[in-house]
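J.: Chain order of the listed sequences is H and Z.
Our numbering applies: residue 3 is where the first sequence begins, and numbers increase by one.
Our numbering applies: residue 3 is where the second sequence begins, and numbers increase by one.
We treat Cβ as the ideally placed atom computed from N, Cα and C, and that holds for glycine.
Small disclaimer: the values here were computed from a predicted structure and weren't measured.
First the structure, which I've put down as structure tokens, then a few questions once you've had a look.
Number of protein chains: 2
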Amino acid sequence: MSTLRVLGIDPGLTRCGIGVVDVAPDRSAELVHVGVVRSATDAPIERRLATIAAGIRAVLQEHHPDVVAVERVFAQQNRSTVMGTAQASGVALLLAAEHGLAAQTHTPSEVKAAITGYGNADKRQVQTMVARILRLDALPKPADAADALALALCHAWRRGPAPVEKGPLTPAQRAWADAERLARR
Amino acid sequence: MSTLRVLGIDPGLTRCGIGVVDVAPDRSAELVHVGVVRSATDAPIERRLATIAAGIRAVLQEHHPDVVAVERVFAQQNRSTVMGTAQASGVALLLAAEHGLAAQTHTPSEVKAAITGYGNADKRQVQTMVARILRLDALPKPADAADALALALCHAWRRGPAPVEKGPLTPAQRAWADAERLARR
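See the structure below:
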């Protein structure tokens, strides 16, 4: 395994979180990009999706990720926005395919368990752990941006078992090892 | 009002119905294109969406519609496929915007009421009425293709009141007038 560049997308029409991380075989991770694409709530739905698509495309073209991770949307979630979220996720997945990339969806619980060790973790816990893993000075905000980074980290972390670690761990490796242990409890 | 070319899309991953009609100011309508784009159920979701997108793009580029009508998806519908349907609808709406076209969604009840005069009409009734309006020798099949044509006709029909009719009606005008009267009951 070599360093993997993952684009994580937390789909949404009003705010679509986008995060790119490089994850090394030793599981240390570097922040490459984080942001949120917004679209006006009073714009027609087709224009809103085009705005979201333009934002995702810009990141694909600037940062050339190896793979795309998108949050899985469920019909049971918040009824008033779930259809727009699903439509945005369809756009994100389409753009991955059109850039020749594989995409994978992860559920919110899978992401929370991978990052914090607890599938019901709250947004603050996810933000805190993402900041620690990526050695950020501040919590990534808004929560959609943190969720996108968490998705990207989760994707890289789930691709296979950690290599056998030798010698003292770096802080990033310790964060990964801790998260992994917690998630397996 | 001049003749309007409408692309109707009944979104779906396994079968996405696509229909194009020309609707004249006197409400007579001509079939321009009808078809279904299919994607393999065992393909990854991002590839399936790319297949659907390619099919829609081909029709946009060949037939140059003036506007796009997409069936509105509700979370309450069939749970197992509703997310894929919503994702496909997001792709359809995005493609409309990226071709500079406005898009509008219509609910299944709105379409059925516009076409058959009855919001709870069954698929057979919709197919029969679509065939009559477009003077087709056979019922458009599969139902997804008929639904796409019905969506396109519904969209054109809803854009404004019928002009005052003078002289005897053509069969197509009669079909429209009947459908309109029924829908207003």
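Measuring only the C-alpha atoms, how far is residue 38 of chain H from residue 17 of chain H?
T.: Cα-Cα distance, rounded: 6 Å.
J.: Which of the three DSSP states is assigned to residue 11 of chain H in this structure?
T.: Residue state, collapsed to three classes: strand.
J.: Specify, as a first and last residue, the run of the beta strand (DSSP E) that residue 133 of chain H falls within.
T.: Not the beta strand (DSSP E): residue 133 of chain H falls in the alpha helix (DSSP H), residues 125–135.
J.: Residues of chain Z with CB under 7 Å from residue 57 of chain H, in chain order?
T.: Correct list: empty, because the minimum Cβ distance to chain Z is about 13 Å.
J.: Taking all protein chains shown into account, decide if residue 66 of chain H is buried (16 or more other Cβ within 10 angstroms of its Cβ) or exposed.
T.: Exposed, since its Cβ has fewer than 16 Cβ neighbours within 10 Å.
J.: Three or more beta-carbon pairs under 8 Å between the segment 101–117 of chain Z and the segment 19–34 of chain Z, yes or no?
T.: The segment 101–117 of chain Z, when compared against the segment 19–34 of chain Z, does not touch it at the 8 Å Cβ threshold.
J.: 8 Å is my cut-off, CB to CB: does residue 73 of chain Z come that close to chain H?
T.: No, its Cβ sits nowhere closer than 8 Å to a Cβ of chain H.
J.: Buried or exposed: which applies to residue 73 of chain H, given that a residue is buried once 16 or more other Cβ atoms fall within 10 Å of its Cβ?
T.: With 16 or more other Cβ atoms within 10 Å, it is buried.
J.: Hey, how far is the Cα of residue 164 of chain Z from the Cα of residue 28 of chain Z?
T.: Any reading at residue 164 of chain Z is ruled out, since the residue's pLDDT is 48, under 50, leaving its predicted position unreliable.
J.: Answer with yes or no whether the minimum CB distance from residue 105 of chain H to chain Z is below 8 Å.
T.: For residue 105 of chain H, the answer is yes, since a Cβ of chain Z falls inside 8 Å of its Cβ.
J.: How is residue 163 of chain Z classed by DSSP in three states: helix, strand or coil?
T.: With a pLDDT of only 48 at residue 163 of chain Z, under the threshold of 50, the placement of this residue in the model should not be trusted, and no figure is reported.
J.: In angstroms, rounded to a whole number, what distance separates the CA positions of residue 24 of chain Z and residue 130 of chain Z?
T.: Taking the straight line joining both Cα atoms gives about 19 Å.
J.: Compare the beta carbon distance of residue 64 of chain H and residue 96 of chain Z with 8 Å and say whether it is the shorter of the two.
T.: No, the Cβ-Cβ distance between residue 64 of chain H and residue 96 of chain Z is not below 8 Å.
J.: Checking 8 Å against the spacing of the C-beta atoms, do residue 9 of chain H and residue 54 of chain H come in under that value?
T.: Not in contact: residue 9 of chain H and residue 54 of chain H (Cβ atoms no closer than 8 Å).
J.: Would a check of beta-carbon distances place residue 92 of chain Z closer than 8 Å to chain H?
T.: So yes, residue 92 of chain Z belongs to the interface.
J.: Please list the terminal residues of the continuous alpha helix (DSSP H) segment that includes residue 113 of chain H.
T.: Its alpha helix (DSSP H) spans residues 110–118.
J.: Residue 85 of chain Z and residue 75 of chain H - do their beta-carbons sit closer together than 8 Å?
T.: Going by C-beta atoms, residue 75 of chain H is nearer than 8 Å to residue 85 of chain Z.
J.: Closer than 8 Å, CB to CB, is residue 20 of chain H near chain Z or not?
T.: So no, residue 20 of chain H is outside the interface.
J.: Would you report the Cα separation of residue 6 of chain H and residue 148 of chain Z, rounded to the nearest angstrom?
T.: Between residue 6 of chain H and residue 148 of chain Z, the C-alpha separation is close to 46 Å.
J.: Examine chain H for any beta-carbon lying closer than 8 Å to the beta-carbon of residue 7 of chain Z, and answer yes or no.
T.: False, the Cβ-Cβ gap to chain H never drops below 8 Å.
J.: So is residue 136 of chain Z in contact with chain H if we call contact Cβ pairs under 8 Å?
T.: Chain H contact via Cβ: absent.
J.: Give me the chain Z residues within the contact set of residue 77 of chain H, using Cβ-Cβ distance strictly less than 7 Å, ordered along the chain.
T.: Within chain Z, the residues near residue 77 of chain H are 77, 81, 84, 85.
J.: Answer with yes or no whether the minimum CB distance from residue 142 of chain Z to chain H is below 8 Å.
T.: Closer than 8 Å: no.
J.: Report the residues of the segment 38–52 of chain Z with a CB closer than 8 Å to any CB of chain H, ordered along the chain.
T.: Those would be 46, 47, 48, 49, 51, 52, in chain order.
J.: Looking only at its own chain, which residues have a Cβ that is under 6 Å from the Cβ of residue 101 of chain Z, when we skip the five neighbours before and after it?
T.: Excluding sequence neighbours, residue 101 of chain Z sits near 62.
J.: Could one say the Cβ of residue 100 of chain H lies closer than 8 Å to chain A's Cβ atoms, at least one of them?
T.: The structure shown contains no chain A; its protein chains are H and Z.
J.: Which of the three DSSP states, helix, strand or coil, is assigned to residue 139 of chain H?
T.: Three-state result, residue 139 of chain H: coil.
J.: What's the C-alpha gap between residue 60 of chain Z and residue 20 of chain Z?
T.: When rounded, the distance between both Cα atoms is 11 Å.
J.: Less than 8 Å between CB atoms is the rule here; does residue 95 of chain Z satisfy it with respect to chain H?
T.: Output row for residue 95 of chain Z: interface = yes.
J.: Taking the CB atoms as reference points, tell me whether residue 117 of chain Z and residue 155 of chain Z lie closer together than 8 Å.
T.: Going by C-beta atoms, residue 117 of chain Z is nearer than 8 Å to residue 155 of chain Z.
J.: Look at the alpha carbon of residue 45 of chain Z and the alpha carbon of residue 125 of chain H, and state the distance between them as a whole number of angstroms.
T.: Their Cα atoms are separated by approximately 33 Å.
J.: List, in order along the chain, the chain H residues whose C-beta lies closer than 9 Å to that of residue 63 of chain Z?
T.: Ordered by position in chain H, no residue passes the 9 Å Cβ test against residue 63 of chain Z, which lies about 16 Å from the chain.
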